[in-house]
Amino acid sequence: MSENLPSPEEAVRLLRKVGCQPNVVAHCMTVMKLATKLAEEIKAHGVKVDIQLVRVGAILHDIGRSKTHSVDHAVVGGKIARSLGLPNSVISIIERHVGGGITSEEAERLLGWPKGVYMPQTIEEKIVTYADKLVEGSREVPLERTLNKLREELGADHPAIERIKKLEREITSILKT
Numbered sequence: 030m031s032e033n034l035p036s037p038e039e040a041v042r043l044l045r046k047v048g049c050q051p052n053v054v055a056h057c058m059t060v061m062k063l064a065t066k067l068a069e070e071i072k073a074h075g076v077k078v079d080i081q082l083v084r085v086g087a088i089l090h091d092i093g094r095s096k097t098h099s100v101d102h103a104v105v106g107g108k109i110a111r112s113l114g115l116p117n118s119v120i121s122i123i124e125r126h127v128g129g130g131i132t133s134e135e136a137e138r139l140l141g142w143p144k145g146v147y148m149p150q151t152i153e154e155k156i157v158t159y160a161d162k163l164v165e166g167s168r169e170v171p172l173e174r175t176l177n178k179l180r181e182e183l184g185a186d187h188p189a190i191e192r193i194k195k196l197e198r199e200i201t202s203i204l205k206t
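If you count by our numbering, then the sequence shown holds residues 30 to 206, one letter each, in order.
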């Protein structure tokens, strides 16, 4: 059940209000369309999914990019979302969508983030995280393209690569049942 979620239109207005550039808004809308499609397919396979949460979470997942384009946009976005009074379910999507998730240890030790859970936990968080990896700018791309870019940026053996592959396996296994 959607807990006091803004409508998709309100979510887009929030992105613009906090200063997200048009290209970020376009990216979020593309992620929303793909995430919604995935959520509907997963729900059709008998998995309980809050499609409205997926829709709104996908629109707002990059709200932190109004202030930074670094990996910190997840934590910054969480702070912005809290200041706007958004529900915890949306805040969790924002904070947990980076890479295939970030372990608490990596978040604290490597990034200096506050203690917290930065790995996607719920099906809605996983759907938005996965859809985000299939969108570059405002167009859909094969997952392998995203993985190759991450290999170049982070190194071939970076744990984020295996986390994203694991997320893909989880999502696609639901869709094959």
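Virtual Cβ for every residue (Gly too), placed ideally from N, Cα, C.
Under DSSP, Y147 takes part in a beta bridge, and its partners are I131.
Excluding five sequence positions before and after E199, the CB atoms of its chain that fall closer than 8 Å to its own CB belong to K155, given in chain order.
Between the alpha carbons of L89 and V54 lies a distance of about 9 Å. CA-to-CA, the gap between V157 and M61 works out to about 8 Å.
Annotated as distal: A136 and V85, with beta-carbon spacing of 8 Å or more. If you check the CB distance, G106 and D91 come in under 8 Å.
V164 has E169 as its beta-bridge partners, per DSSP. Here L183 is exposed. Its C-beta has fewer than 16 other C-beta atoms within 10 Å. Between the alpha carbons of H102 and K96 lies a distance of about 7 Å. According to the DSSP assignment, Q50 belongs to no alpha helix (DSSP H), since it is labelled neither H nor E. Secondary structure note for S112: its alpha helix (DSSP H) is the uninterrupted segment 102-112. Residue state for L63 is assigned as helix, using DSSP reduced to three classes.
Of the other Cβ atoms in all chains shown, 16 or more fall within 10 Å of the Cβ of L82; this residue is therefore buried. Ranking A185, E38, V76 by CA distance to the CA of I152 puts V76 first.
If you check the CB distance, L204 and E70 come in under 8 Å. Counting of Cβ neighbours within 10 angstroms places D186 among the exposed residues, the total staying below 16. Per DSSP, the unbroken alpha helix (DSSP H) holding I193 starts and ends at 188-205.
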